[in-house]
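What follows is a single structure, written as structure tokens, with notes after it.
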Amino acid sequence: MTRRGFEVFEDGESDVNVKERDIEALRAYLGERSTVERLCAHKHAVVLVQDMSGTIRDCVGDTERLFGMAPGGLIDASPQSYAWRLVDELGQPFAPEQLPGRRAIMTGHVQEGLVGVALSEGEPVWVSLVCHPIHEGGEAIGLLTTLMDVSALQLTRQALAQVEARLREQHKMQAVERMAAAIAHDFNNLLSVVLSQTDCVLADYGEHPGLRADLLEIREATERAVELTQNLLAVGKVQHQTPVSLSLNALMEEFGELSRVLMPGVTVDWRPGMLSYGVRADRSQLEQIVLNLMVNASEAMEGTGRVVIRTEQVEREGEVLILLSLRDEGRGMAPEVAQRAFEPFFTTKASGQGSGMGLATVYGVVSQSGGRVELFSEPREGTEVRVWLRAGERLQGESEGLDEETTEVSRSSVGGGGEEPPAESKRPSGSLSPLRRRQPTALVVLGRERDRRLVRKVLERRRFRVIDCSFADEARCLVHVDAPLDVLICARHLLDASGVELASELMKVRPGLGLVLVGGSAQEDEITATFTERPQVIEARFEAEALQDAVERVMRSSEAQGRVASG
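So that you can map any letter, position 255 of the sequence shown is 255 in full-length UniProt numbering, and since no number is skipped, the others follow by simple counting.
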């Protein structure tokens, strides 16, 4: 249906000389008034009779509802004296040529429209109207305009449009998340190779002054790229998480001193709520969320102003939620900017002054944690970000005094052996380094050939003998090699077996064998339930330094146990 308004004419046209006989004809046009009045009352409608200048010569119906006045107050009202405005669905006044009444007179045909009747107070009354030209003796003498209140229908349409807009935004964010996750995953693989190879070259040629400086610069740039991919992984909701139940108030108290350092010119108004439950989230990622929001607030106020931080516990539909709200007094955002605030790389800052990943990272991390983020902003009125998190365990005592991580939640993660090797590589892949006297030995079970190559390079520099393979059956054979085994480096997930189950099996064959798991988390239920001593666990995309540190900790632990046993 075309959106139009009813008859209103330009100022100059109010001076048209209207014949008295035409006015009488118009006023007699409604005929049997009682019938029309009953119909109008039932339908919340109004019927207007207007002359060619737009002056109302007669009216019937629920004028109080539509125009805020009795019918008598409308008689002989000219367009210039109307106590209302006609607006479109965006709340903007109609141009004269857009009005159905004008179009009906110009074309001689019936015109329809949907308009809002904006009174001095309150929301517009939405009406559907139809304008019929009135002819007398073959000449147009006025208009018969019927108006019906459709406010309820219009409000429903507007609500539906808002839902559709939110759904489109949700679909867009889901597409962005998938794209970000795919890019970050592939890019992260490449960066792990660059980092590990840089570490290896540093170990071989690090004493060369000029070369060392270049290598360190390469490593620093690569680490910055790794941080960016971690943000992309957060946007894509594929970051590894170790959710625990912790006190949000206690965490925010810890940020008090940090906020004074980060935002020396900003006054933080801290308003902790009474929280009887902790929040269920990854601690480091929750800290990242708070840090990003604080930095954003400070930058929005150009380093000076007030930030209100509050927490609140809310129960909705039987579920307990914890709210973290940060409100600044900054410049705020226009609606079109706020709508894009969570998009990766979107920023209003000058080139080179921001990555546009702050709020995108917040959105991804919170969504992955099962929460949601809301943003409220007006230009020159500041911005409020509300983070809703799932409740964790019930806190013991005063929430402000607690910061213990009370409940651990297991999450599956992609292990070091997640990629399937090409078909031609599915054959026994075990290999052994030459054995030297009193040389420690490591059994390496990883699915990716490049991971095995990196482990071999790192360990052989530390004078380890390395036995490697990619399948569980091979490892079951190699564990019986006629040589002492000191360390087992095993992927959390293998193509043909669970890495945790395989490690447990091999450690029963070789008591005292140290373990480094690649992928997963040492806090996972399966790991804590399987091993009497917590193994060393490194990320699936590990760096040479992380591997080296984990192996050294295993060796030190084994040496300590050996001394205890011999004593």
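Quick reminder that beta carbons are idealized off the backbone N, C-alpha and C, glycines included.
Assigned secondary structure, residue i (DSSP; H/G/I helix, E/B strand, else coil)
i: residue 110; result: coil
i: residue 154; result: helix
i: residue 555; result: helix
i: residue 77; result: coil
i: residue 162; result: helix
i: residue 376; result: strand
i: residue 501; result: helix
i: residue 447; result: coil
i: residue 315; result: strand
i: residue 62; result: coil
i: residue 441; result: strand
i: residue 210; result: helix
i: residue 491; result: strand
i: residue 136; result: strand
i: residue 50; result: strand
i: residue 302; result: coil
i: residue 260; result: helix
i: residue 89; result: coil
i: residue 367; result: helix
i: residue 525; result: helix
i: residue 69; result: coil
i: residue 361; result: helix
i: residue 470; result: coil
Cβ distance (whole Å) where residue i is taken to contact residue j below 8 Å
i: residue 468; j: residue 555; result: 18 Å between Cβ atoms; not a contact.
i: residue 45; j: residue 62; result: 7 Å
i: residue 385; j: residue 375; result: 5 Å
i: residue 100; j: residue 129; result: 6 Å
i: residue 543; j: residue 214; result: Rounded, the Cβ-Cβ distance is 19 Å, inconsistent with contact.
i: residue 48; j: residue 56; result: 6 Å
i: residue 492; j: residue 512; result: No, residue 492 and residue 512 are not in contact; Cβ-Cβ is about 22 Å, not under 8 Å.
i: residue 466; j: residue 456; result: 5 Å
Sub-8 Å separation of residue i and residue j beta-carbons
i: residue 515; j: residue 490; result: yes
i: residue 324; j: residue 389; result: yes
i: residue 218; j: residue 270; result: no
i: residue 502; j: residue 540; result: no
i: residue 443; j: residue 452; result: no
i: residue 296; j: residue 361; result: no
i: residue 305; j: residue 268; result: no
i: residue 320; j: residue 277; result: yes
i: residue 379; j: residue 341; result: no
i: residue 359; j: residue 311; result: no
i: residue 391; j: residue 280; result: yes
Status (buried if at least 16 other CB within 10 Å, exposed otherwise) for residue i
i: residue 152; result: exposed
i: residue 395; result: buried
i: residue 317; result: exposed
i: residue 477; result: exposed
i: residue 274; result: exposed
i: residue 363; result: buried
i: residue 114; result: buried
i: residue 158; result: exposed
i: residue 372; result: exposed
i: residue 161; result: exposed
i: residue 426; result: With a pLDDT of 36 at residue 426, under the threshold of 50, the modelled position of this residue cannot be trusted; read the value that follows with caution. When all chains shown are included, residue 426 counts as exposed.
i: residue 127; result: buried
i: residue 16; result: At residue 16, the pLDDT of 44 sits below 50, so the modelled position is not reliable; the number obtained from the coordinates is stated separately. Residue 16 should be labelled exposed.
Identified DSSP bridge partners for residue i
i: residue 277; result: 394
i: residue 536; result: 516
i: residue 243; result: 282
i: residue 142; result: 51, 134
Cutoff 8 Å: residue i Cβ touching any chain B Cβ
i: residue 283; result: Any reference to chain B falls outside this structure, which holds one protein chain only.
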